[in-house]
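What follows is a short report on a single structure.
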Amino acid sequence: ERGVGPESVVALAVPRSAETVVAILAVLKAGGAYLPLDLDYPADRLGLMIEDAAPAFVLTTARAVELLPPAGDGPERIVLDAPETVAVLDARPAEFAAPEIADGHPAYVIYTSGSTGRPKGVVLTHGGLSNLYANHIAEVFGPVVDATGGRALRALHTASFSFDTSWEQLFWLVAGHELHVLDEVGRRDAEFVVGYVREHRVDAMDVTPTYALGLLDWGLLDPAGHRPALLLLGGEAVPEALWSAVRAASGVMSVNLYGPTEYTVDALAADLAGSATPVVGRPIGNTRAYLLDAALRPVPAGTTGELYLAGHGTARGYLGRFALTAERFVADPYGPAGSRMYRTGDLARLRADGELEYLGRADDQVKIRGFRIEPGEVESALAAVAGVDAAAVVVREDTPGVKRLVGYVTGTAEPAAIRAELAEVLPDYMVPAAVVVLGALPFNVNGKLDRAALPAPVLGASPESRAPSGEREEALCRVFTEVLGLRSVGVDDDFFALGGDSIVSIQLVTRARKEGLVLTPRDVFEQRTVAGLAVAARTPDEQDAARTAPGTGGPLVELDEAGRALLDRVFPGAGEVLPLAPLQEGLYFHAQYDDRALDVYLMQNFVELRHAVDTAALRAAFDAMLRRHPNLRSAFWHEGLAGPVQVVPATWELPWDVRDLTGLDRAEQDEAQRVFSLEDAATRFDLSAPPLMRVTLLKFAEDRWMLCVTQHHILTDGWSESLFFEELFQLYGAGGRAEVLPPVTPYHAYLRWLAGTDSEAALTAWRNHLSGLDQATLVAPADPARQPVTAEVVDIALGEETSDRLRAFARGCGVTLNTVLSAAWALSLAGMTGRDDVVFGATVSGRPAEVPGVDQMIGMFMNTLPFRVTLRPSETLRELLVRTQGEHAELLPHHYLGLGRIQQAAGVGQLFDTLYVFRNTPLDDTAREEAVERHQIGWTHSVDGTHYPLTLAVTPDRSLELSLAYRPDLYERATAEELAARLRLLVEQFAAGGATPVGRLRTLEAPERDGLLALGDDLGHELPDVSFIELFARQAALTPEATALVFEDERLSYAELD
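Just so we're on the same page, the working numbering is the position in the sequence shown counted from 1, plus 12.
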């Protein structure tokens, strides 16, 4: 009589009780949708919800109505326990003619937080509830009922009725079981809940992981007491420790349920028994789950993608918010015509076993000191510390402009010990600046962690940090406390651990100069503590004196007396002491990092010589090469010095080995060469024992020899390698006489040019180029303990026709072939990582035209630089290529800067773990052909390695050759071949023309794409032919006298509840 029916909304402001359930069922029976109003919410928020939903009326009680905002001109408030309401209800006939309810009619409206601050109402349907019920009866409730002998079970309702997971427990009513509802106080008390479960022998529960941790602390799963047969988890990510603890509880079935409010309660489900680590599982019945990239294309298995949901549980949308509904509920390109899918904003990946793994919110990542951090990763590490029972991590900005990562834990562990243990397993920027121990983690009305209730930490000097001594340390401690907003600082406290970042470091440098101490941001990043910075700081006078650049004829490396004495002792009579080129610094670091592991930067070059080799002339040619290019005999040293240097010794002896294998047959010779190659590759160079080169000659016959030149990559790059062999064979032909070759510019001329470059301008250019980059592009998880291995290779021969079309396409776009293939690699990485802003390492020649004769110099000039490509789905291929080439052309004058300094300026840490190499070295074809003919050179082969998980090398012959090198400890051969096939697919589409939008490119072959879509499709299940409320009526008719609902001392039968 009040007009409630399909498409109507009734607000429920009823204190938690049996009446709440009665009110929900009454609204559904009338065909309407209920709007739960949580009485713990502020009155203003409740008012916004009532105003936005415009319900037909508000059902409430005398106690609850006082908590609501004034009615004003809003909907009528019907007070259920008011005498006049009771009289009206008592006078009504018991019979009620329910309206016909369609699947698409609204069943309930749940409000969630909005990004604008205005809550938004999500409208869910009767059909969604019926579908979820059918799934749970078959997949969740049924197995537990069978396991307990088919008896009626007791389920416990602890969720807020304003939280959609409250339906999980209401379903037990429809299935003929007994539902126990706890009051508002009892449901929040973990100790009380565990006691209630034991006293009433509760069989089934559904709680959030945060709440479950508290229940386990109070012994919910202790084997000595009664344990529930079913524990459902949902509402937030399950920590690994909780997952393991629940799995270990015998006789307890547990299911992790995932579903946003916008998809009826649950969309995915995972039985904990099926996986040793947390997953969200697979789609429930009549649900499709897609992992898509920014262009709505399926991402490959193992790749991060955004989760989209479609099917019978999809919400109608946001109440009265049509634009927002259109933004989040989009057309489903893989479903029937007219179907929609919901964009969850959650990230996930498909595991090899077909289970989906939740990776957090796309917008959950936080940035500390420029580093992107997943709080969940830090929480997992915190929870793994002995003595920590539960953990949470948040970013706080209690001091304006200073963001700090703060950990909150329960348990017996001490904060200092926790941070020390975390420092051993996490990068320093992921170690919380403070750890706060709480008696219990706070949770909100929905059972989720209440982050707003976490207290601010008290930050100051760590207990183990020393007090300052001396004017410099005292001044710097003052500066630290001022810029970081701290009470106190010790001289051993880490600037970044206290919350500093690259921006605050500039403030620190500026403030320190006011104290008469000159520092640079680089000093702050390298020294980090007051103690270290006090030593590094200079006075203004000292700074002015240090600014004098190396003169034209002055030494490139300034050594103090102790440094000179040290090098004289280690390298008597050394000719030159030189700095390292940018890439040499990186190679030296990798070589020194683990001096016992395989050195993947050891290079072998095999050259078959089909003539009677003059070994004396060949050895003379090698000696002439090392005299002509002194840097080829360099040693490298850093101990006792401010930084690493290369030292050119006055005398040297090139390791020379001739092995006579003429007594073996051809097969035995081939095997001997294979064994030698492996043994030689495993024999590391001592970088302090020059020369870092050795020569081996394998004699197979008088007129067939194999020359193997083994050297460390720190000496030369690929361009130099070609020049090296050209010059070597010219010298060999001349018996080692150096005068047959023209003079060459010495390598130190390049290093002197490098010393005179404007590194600050280059840093600014790279910082601008990388601005806005929020995350590294990594295809493999970082693992400092990972040992180097020799890469294996999958070759992709494009053929002359495709190669010619690619070249024509590049010319038509006005870009280089290198740009085209770089973009293809970027798109391939985007498919692997699920990112549309990718970075990979790219090698550049690094040979400045300003150095005369640089094209004929031999040494290490090459540099590895970050190559960033931002992908826009609507942009055409041609537009992408032109834009990308233009962006990188601006960086050409700054290719000399070292990768370490660029990464530090970018503030993201390691930027990439894949490498792209375009082998475009200017070979002298005539000289090469003459050497091949004159010396009868046959088979040639190069062997080198890499620490990168993936490296794409392009050889621009007539038929383009693409070589995908991979680490076999990270990728199986079949997986590498799949990656190569996807890359080929992209490259072939490039060759077809440039008008195609980037988002329309096929990234997967049809069979792989269709297989991925099929894995996420669980449609086709039979749906109940009646509404959810009719299913309840049927159960009430079937067991009218059975107990349906228990609240405190009140027990309602099915007949009474109906």
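Note that CB positions come from ideal geometry on N, CA and C, so glycine has one too. Owing to the predicted nature of the structure, the values given are computational and were not obtained by experimental measurement.
Exercise. DSSP puts R816 in a beta bridge; with which residues?
Worked result: The amino acid at residue 816 is misidentified as Arg; the sequence shows Asp. D816 is not bridged to any residue.
Exercise. Near R895, what residues of its chain come up, given a Cβ to Cβ distance below 8 angstroms and the 5 sequence neighbours on each side ignored?
Worked result: E887
Exercise. At what residues does the alpha helix (DSSP H) containing E9 begin and finish?
Worked result: The shown model of the chain, from 13 to 1070, leaves out residue 9, and the question about it has no answer.
Exercise. Going by alpha carbons, who is nearest to A647 out of A633, Q723 and R686?
Worked result: Q723
Exercise. Looking at the unbroken beta strand (DSSP E) that takes in W664, where does it start and where does it end?
Worked result: No beta strand (DSSP E) holds W664; DSSP gives it neither H nor E.
For this session: Label R104 either buried or exposed according to how many other C-beta atoms from any shown protein chain fall within 10 Å of its C-beta, with 16 as the threshold for buried.
Result: exposed
Exercise. By DSSP, does H623 sit in helix, in strand, or in coil?
Worked result: coil
Problem set entry | Span of the alpha helix (DSSP H), counted from its first residue to its last, around K460 | From DSSP, K460 is part of no alpha helix (DSSP H); its letter is neither H nor E.
Exercise. In terms of alpha-carbon separation, which member of Y223, G237 and L242 lies closest to E248?
Worked result: Y223
Exercise. Hey, would you say A360 sits closer than 8 angstroms to D344, going by beta carbons?
Worked result: no
Problem set entry | Option in T326, Q799 and E538 with minimal Cα separation from Y5 | The shown model of the chain, from 13 to 1070, leaves out residue 5, and the question about it has no answer.
Problem set entry | C-alpha distance - G846 paired with L974, whole-angstrom precision | 23 angstroms
Problem set entry | Closest residue to T789 among A282, A767, P878 and E804 (Cα-Cα distance) | P878
Exercise. Which one or two residues does DSSP pair with W649 in a beta bridge?
Worked result: V657
For this session: Would you grab the beta carbon distance between G598 and L911 for me? Rounded to a whole angstrom, and I think it's under 8 angstroms.
Result: 6 angstroms
Exercise. With DSSP run on the structure shown, which of helix, strand or coil describes L892?
Worked result: helix
Exercise. Just how far apart, CA to CA, sit A114 and D1070?
Worked result: 21 angstroms
For this session: Give the DSSP-derived three-state secondary structure of L79 in the structure shown.
Result: coil
Exercise. Between the segment 350–369 and the segment 155–167, are three or more C-beta pairs nearer than 8 angstroms?
Worked result: no
For this session: In angstroms with no decimal places, state the Cα-to-Cα distance between E527 and Q922.
Result: 34 angstroms
Problem set entry | Same chain, Cβ closer than 8 angstroms to P27, five either side skipped, listed in chain order | L51, T73, R75, A76 and E196
Exercise. Exposed or buried, what is W951 when buried is set at 16 or more other beta-carbons lying within 10 Å of its beta-carbon?
Worked result: exposed
Exercise. Skipping 5 residues on each side, what residues in its chain have a beta carbon closer than 8 angstroms to that of R994?
Worked result: P312, S840, G843, T1015, L1016 and E1017
For this session: Less than 8 angstroms between the CB atoms is what I'm expecting for D278 and I296, so what's the real figure, rounded?
Result: 6 angstroms
Exercise. Would R671 count as contacting chain C if we go by Cβ distances under 8 angstroms?
Worked result: Of the protein chains in this structure there is only one, and it is not chain C.
Exercise. Looking only at its own chain, which residues have a Cβ that is under 6 angstroms from the Cβ of G563, when we skip the five neighbours before and after it?
Worked result: Caution is warranted here: a pLDDT of 46 is assigned to G563, below 50, making its placement in the model unreliable, and the coordinate value is therefore given only provisionally. Result list for G563: empty, nothing under 6 angstroms.
Problem set entry | Contact under 8 angstroms by Cβ, M874 with V756 | no
Problem set entry | Cβ-Cβ separation, L49 to A66 (assumed contact under 8 angstroms), whole Å | That belief does not hold up - the Cβ atoms of A66 and L49 are roughly 14 angstroms apart, past 8 angstroms.
Exercise. Do you know offhand how far Y1066's Cα is from I1041's?
Worked result: 13 angstroms
Exercise. Are the Cβ atoms of L233 and M265 separated by less than 8 angstroms?
Worked result: no
For this session: Please report the residue range of the alpha helix (DSSP H) in which E588 lies.
Result: Not the alpha helix (DSSP H): E588 falls in the beta strand (DSSP E), residues E588 to L590.
Problem set entry | the segment 613–632 in contact with the segment 715–735 per 3-pair CB rule at 8 angstroms | yes
Exercise. Are S1039 and H148 touching if we call contact CB-CB under 8 angstroms?
Worked result: no
For this session: Return the CA-CA distance between Q596 and M872, expressed in angstroms with no decimal places.
Result: 7 angstroms
Problem set entry | Q787, DSSP secondary structure in three states | coil
For this session: For T337, collect the residues of the same chain with a Cβ closer than 6 angstroms to its Cβ; drop the 5 residues on either side in sequence, then sort them by chain order.
Result: G329 and Y330
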